[in-house]
Amino acid sequence: MEIWDIYDEQNQLTGETISRNAVHSLQKGQFHACVNALLIDEQGNILTQQRALTKEVNPGSWDLFTGGSLLTKETPEQGIAREVAEELGVTRLEFHYFGYEMRPDIKSIMHYFSAKIPQTSIKHLNLQESEVAQIAWVSFEEANALAKSNPFDWNWLQKMTSTKPLKL
Numbered sequence: 002m003e004i005w006d007i008y009d010e011q012n013q014l015t016g017e018t019i020s021r022n023a024v025h026s027l028q029k030g031q032f033h034a035c036v037n038a039l040l041i042d043e044q045g046n047i048l049t050q051q052r053a054l055t056k057e058v059n060p061g062s063w064d065l066f067t068g069g070s071l072l073t074k075e076t077p078e079q080g081i082a083r084e085v086a087e088e089l090g091v092t093r094l095e096f097h098y099f100g101y102e103m104r105p106d107i108k109s110i111m112h113y114f115s116a117k118i119p120q121t122s123i124k125h126l127n128l129q130e131s132e133v134a135q136i137a138w139v140s141f142e143e144a145n146a147l148a149k150s151n152p153f154d155w156n157w158l159q160k161m162t163s164t165k166p167l168k169l
């Protein structure tokens, strides 16, 4: 059972926690934190992943970002490293932070990172079947077209491919 910290509207810990299966009971002004990584290969292609068909939310849909929810007491940097390792089997990446967005519509604080995946790591990807059905490498233009159906993804893709990362 995953336990998540609860944050307020200023992205500050409240000292409270919630279990994954109770996340829908978060009140107005309460959030849980998520991490997302835009993963790019040495040629500039972007990794997209199809969500497992057994996922509760958006099964089978294609995502530009790899990630998930932060566990209690986990920093965004720790969380993104854990999520990428769990879902793709890739470790020791250098993540670059681009910021966060408050999403009251889904009661989430979304932290955004990018990382380059070396060719040697691509050869050893190990997909977590409960999370990822399959992956595909796409050009920026293809990623941009995919992102247009989701305004949040589109905005972050534009920002992440046109600005420098922030210091966390």
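Counting from 2, one number per residue, gives the positions in the sequence shown under this note's numbering. The beta-carbon is built from N, C-alpha and C at its ideal position, and this holds for glycine as well.
The C-beta separation of A38 from Y8 comes to about 20 Å, leaving the pair out of contact by the 8 Å criterion.
V36 and P77 do touch by the CB rule: their CB atoms are close to 5 Å apart, below 8 Å.
When DSSP reads this structure, I136 sits in a beta bridge with Q50.
Assignment of F141 by DSSP, reduced to helix, strand and coil, places it in the helix class.
Between the alpha carbons of P60 and Q50 lies a distance of about 11 Å. The alpha-carbon separation between T18 and D154 amounts to approximately 27 Å.
The segment 82 to 96 makes contact with the segment 113 to 129; the number of CB pairs closer than 8 Å reaches 3 or more. In terms of Cα proximity to F32, the closest of E10, L72, A146 is E10. Sequence-distant partners of I47 (beyond 5 residues in either direction) whose C-beta falls short of 6 Å from its own C-beta, in its chain, are I41, V139, A144. Taking L14 as reference, the option from L89, H25, L72 with the minimal CA-CA separation is L72. Beta-bridge pairing by DSSP links V36 to G69, H112.
Within its own chain, the residues whose Cβ lies closer than 6 Å to the Cβ of D64, once the five positions on either side in sequence are excluded, are Q50, listed in chain order. Annotation for I4: no alpha helix (DSSP H) segment contains it, though the beta strand (DSSP E) segment containing it runs 4 to 8.
Under the DSSP definition of a beta bridge, T18 partners with D6.
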